[in-house]
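Structure first, then comments.
Numbering (the working numbering), first residue to last: 13 to 504.
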């Protein structure tokens with residue numbers, strides 16, 4: 013019953029987030045364009061949009077099975093992944109013997125993660141990755157408690173599936189596999205060692221075959237292992253990049269003593285940025301609430317606690333690597349450890365509810381009200397402050413569909429508007445140009461210029477036959493981005 017409630021809450025939150033912001037993220041648009049090319053039988057062109065072919069192909073399969081358009085297939089897949097993610101979080105709480113009250117509080121906690129709700133309308137691989145990892149954590153916790161083969165096989169399967177979505181899943185898989193024999197004992201440990209030995213031998217055998225069979229083939233593909241090799245090569249250059257940044261900071265310091273702190277400033281700044289992003293991504297309001305009003309005791313006696321801490325530690329190490337190699341980190345990179353930080357919160361909230369006899373009635377009632385008011389405010393806040401910052405994109409696309417002839421040849425300098433017009437085969441934005449005169453020579457009748465992002469010049473240079481291009485539509489976003497639609501030549 014609680015899983016159904018979890019799914020219902022997830023669907024409601026997705027619908028709410030779509031109401032607030034229904035403009036798809038750029039990566040999501042690229043996935044849709046790639047899926048369109050796969051359906052058209054052009055995998056090479058599809059890879060030019062996004063190299064993660066397995067992710068885009070799932071939209072194709074879902075579209076073929078359900079007869080839904082590609083965009084709605086992508087949204088359906090995203091919603092299903094979000095439901096699996098929330099249910100996975102609930103499953104971990106249940107595996108930790110959380111009571112019904114704790115499980116309900118767990119739904120409240122994950123539903124009020126503001127960054128999660130902001131990501132909901134986006135088409136990203138992260139939802140499937142995080143869902144797979146949470147269910148893998150659930151499976152390995154149950155294996156540690158019961159030593160049943162099915163949970164071990166399920167953990168390995170889910171961990172492997174998650175590799176298809178994000179490369180860091182390899183690090184989680186290897187790291188947790190190394191940790192498991194250290195935190196469990198008895199028959200569970202013996203069975204895991206047997207499984208690990210058989211699996212390692214199989215991987216070596218398959219890897220050797222793959223190396224000798226395909227080593228000389230000139231058929232490069234984007235695979236998780238290839239991405240991991242890219243990250244390893246980037247890590248090898250990380251020390252050089254950090255040293256270069258340190259020298260740049262040193263040059264800006266006002267005196268000799270300040271220049272000696274350049275390393276501290278660089279490392280401290282990166283760590284602060286990582287910590288700030290992690291806290292902003294997790295449910296920091298309820299985390300702060302339980303730290304203030306409950307008795308927090310960090311215990312690592314149970315294998316389940318050690319496994320969760322192992323996942324969290326690996327996630328933090330990935331954050332440190334990311335911020336050190338890229339000099340920034342976003343909520344997508346820290347989302348897994350942010351989720352793990354939320355696991356103790358429902359237990360601590362329940363602890364507050366059980367403190368009724370230990371505090372005054374007024375204080376107890378205030379804490380109980382605050383416990384549910386805070387999550388409600390987090391959920392409702394985006395709806396209240398909705399300012400339609402990207403509505404101008406959909407408005408322009410609607411105008412094009414209503415006002416311009418279906419047969420008109422239109423140039424788009426940006427995929428945002430072209431995407432919402434709905435013809436995914438229209439990919440003129442892949443051919444940048446700096447002159448409307450050139451577009452006239454290519455027999456375009458209209459040009460949709462979004463914010464002049466590609467530097468369209470000579471907008472007022474007379475065209476060879478029909479004079480200056482005329483602006484037939486213009487709009488500006490709250491952030492100052494502009495959309496101008498030029499009529500270049502008459503319809504034939």
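Using N, Cα and C, we set each Cβ at its ideal position, and we do this for glycine too.
Keep in mind it's a predicted model, so treat the numbers as computed, not measured.
Considering only the alpha carbon of each residue, which of the options lies closest to residue i?
i: residue 52; options: 35, 33, 82, 31; result: 82
i: residue 348; options: 102, 47, 74, 142; result: 142
i: residue 139; options: 99, 118, 93; result: 93
i: residue 28; options: 291, 397, 440; result: 397
i: residue 302; options: 36, 360, 393, 291; result: 360
i: residue 341; options: 362, 307, 288; result: 288
i: residue 36; options: 60, 87, 15, 488; result: 87
i: residue 462; options: 453, 183, 498, 181; result: 498
i: residue 40; options: 33, 190, 134; result: 134
i: residue 26; options: 362, 64, 269, 98; result: 98
i: residue 251; options: 311, 335, 484; result: 335
i: residue 91; options: 107, 74, 105; result: 74
i: residue 186; options: 293, 326, 307; result: 326
i: residue 306; options: 209, 256, 357, 109; result: 357
i: residue 293; options: 256, 205, 390; result: 390
i: residue 384; options: 61, 128, 116, 337; result: 116
i: residue 492; options: 424, 402, 343, 379; result: 402
i: residue 482; options: 338, 452, 489, 488; result: 452
i: residue 343; options: 456, 131, 300, 413; result: 131
i: residue 441; options: 61, 257, 31, 14; result: 61
i: residue 420; options: 407, 317, 435, 426; result: 435
i: residue 127; options: 409, 296, 137, 488; result: 296
i: residue 365; options: 372, 455, 379, 284; result: 379
i: residue 392; options: 85, 17, 125; result: 125
i: residue 253; options: 148, 373, 278, 208; result: 278
i: residue 201; options: 214, 255, 158; result: 158
i: residue 271; options: 260, 163, 215; result: 260
i: residue 300; options: 42, 14, 206, 354; result: 354
i: residue 382; options: 304, 346, 489; result: 304
i: residue 257; options: 337, 329, 172; result: 337
i: residue 408; options: 329, 448, 430, 315; result: 430
i: residue 518; options: 456, 443, 444; result: Residue 518 is absent from the structure shown; the chain starts at 13 and stops at 504.
Going by DSSP, name the residue or residues bridged to residue i.
i: residue 188; result: DSSP output for residue 188 lists no bridge partner at all.
i: residue 422; result: 458
i: residue 488; result: 494
i: residue 482; result: 499
Ends of the beta strand (DSSP E) at residue i?
i: residue 439; result: Element bounds for residue 439: n/a, residue is neither H nor E.
i: residue 498; result: 494–499
i: residue 56; result: Per DSSP, residue 56 belongs to no beta strand (DSSP E); it is in the alpha helix (DSSP H), 55–61.
The alpha helix (DSSP H) that contains residue i, what's its start and end?
i: residue 100; result: 82–107
i: residue 52; result: That residue, residue 52, is in no alpha helix (DSSP H); it is neither H nor E in DSSP.
i: residue 505; result: No answer is possible for residue 505: it lies beyond the span of the chain, which begins at 13 and ends at 504.
i: residue 414; result: 403–415
i: residue 24; result: 14–32
State the CB to CB distance for the pair residue i and residue j, rounded to an integer number of angstroms; the pair is presumed to be in contact (CB under 8 Å).
i: residue 500; j: residue 486; result: Wrong, their Cβ atoms sit about 15 Å apart, outside the cutoff.
i: residue 332; j: residue 352; result: Not quite, the Cβ-Cβ distance comes to about 16 Å (not below 8 Å), so this is no contact.
i: residue 151; j: residue 170; result: 6 Å
i: residue 181; j: residue 175; result: 4 Å
i: residue 505; j: residue 104; result: In the structure as shown, the chain begins at 13 and stops at 504. Residue 505 is therefore absent and cannot be evaluated.
i: residue 101; j: residue 177; result: Residue 101 to residue 177, Cβ: 17 Å. No contact.
i: residue 319; j: residue 460; result: About 53 Å separates the two Cβ atoms, so there is no contact after all.
i: residue 47; j: residue 71; result: 4 Å
i: residue 136; j: residue 21; result: Actually they are not in contact, since the Cβ atoms of residue 136 and residue 21 sit about 20 Å apart, beyond 8 Å.
Checklist entry - Which runs of the alpha helix (DSSP H), 4 residues or longer, sit entirely within the region 116–189? => result The region 116–189 contains these whole alpha helix (DSSP H) runs: 126–131, 138–158, 161–175.
Checklist entry - Mind pulling the alpha helix (DSSP H) runs of 4 or more residues that sit fully within the region 242–325? => result Fully enclosed alpha helix (DSSP H) runs of 4 or longer: 250–264, 268–271, 274–293, 296–305.
Checklist entry - Which runs of the alpha helix (DSSP H) fall wholly inside the region 320–394 and span at least 4 residues, in chain order? => result Entirely contained in the region 320–394, the alpha helix (DSSP H) runs reaching 4 residues are, in chain order, 343–354, 356–365.
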